[in-house]
Amino acid sequence: MKAIPQISEAESVVMEALWTHSPRSAEDVAAAIGDERAWQESTVKTLLNRLLRKNAVKVQKDGRRYLYSAAITREQWLHSESKGFLDRLFDGRLAPMVAHFSRHRKLSAADLQELKRLIGELDADK
0 MKAIPQISEA
10 ESVVMEALWT
20 HSPRSAEDVA
30 AAIGDERAWQ
40 ESTVKTLLNR
50 LLRKNAVKVQ
60 KDGRRYLYSA
70 AITREQWLHS
80 ESKGFLDRLF
90 DGRLAPMVAH
100 FSRHRKLSAA
110 DLQELKRLIG
120 ELDADK
């Protein structure tokens, strides 16, 4: 599996636009982001160029414009980000993370049911 690059919060907004629909021009990405951010097209182009250098995005020339698409899947990025988070903050262990969030954020009845279901599935797989 290829290494997944570190993607900043601003870059992730651009990636979300590309994961939703690709290929897109820089103009189309800026329009897709629209109200979420008040970025100029030049800002979007800067972010696209950073993502290109990181090999997170690929580009193809289409006449006089460039079309961008994601070179990594959202699932690959999510896996990399969540693993890094878990490793950095909870020594790679899931149980302390769940305990932390259960103490600091109210878990709904639906959340608890989902956790119980997931634990049941894990127990059944072993």
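Residues 0 to 125, numbered by numbering that gives the first Met the number 0, are exactly what the sequence shown covers, in order. Glycine included, every Cβ here is placed at the ideal spot set by N, Cα and C. It should be emphasised that the depicted structure is a prediction, and the values quoted were computed from it without experimental measurement.
- Message: Quick check: the stretch 57-67 against the stretch 1-12, are at least 3 beta-carbon pairs closer than 8 Å?
- Response: With a cut-off of 8 Å, the stretch 57-67 and the stretch 1-12 do not count as touching, because too few Cβ pairs lie within range.
- Task: Please classify arginine 36: does DSSP put it in a helix, a strand, or coil?
- Result: The answer is coil: DSSP assigns arginine 36 none of H, G, I, E or B.
- Query: How many Å lie between leucine 77 and aspartate 124 at the Cα?
  - Reply: The C-alpha of leucine 77 lies about 24 Å from the C-alpha of aspartate 124.
- Message: By DSSP's criteria, leucine 66 is part of a beta bridge. Which residues make up the other side?
- Response: According to DSSP, which records beta bridges pairwise, leucine 66 is partnered with Gln59.
- Reducing DSSP to helix, strand and coil, say where arginine 116 ends up. Residue state, collapsed to three classes: helix.
- Taking the alpha-carbon positions, what's the lysine 82 to glycine 91 distance? Between the alpha carbons of lysine 82 and glycine 91 lies a gap of roughly 7 Å.
- Message: Only counting the same chain, and skipping five residues up and downstream in sequence, which positions put a Cβ closer than 6 Å to that of proline 4?
- Response: By the criterion of a C-beta distance shorter than 6 Å, proline 4 is surrounded in its chain by Lys53 and Ala55, once the five residues flanking it on both sides are discounted.
- Item | Same chain only: Cβ atoms within 6 Å of tryptophan 18, ignoring 5 sequence neighbours per side | Same-chain partners within the cutoff: Ala69 and Arg73.
- Message: Please classify arginine 36 as buried or exposed, where buried requires at least 16 other C-beta atoms within 10 Å of its C-beta.
- Response: Arginine 36 comes out exposed.
- What is the DSSP secondary structure of arginine 23, reduced to helix, strand or coil? Strand at arginine 23.
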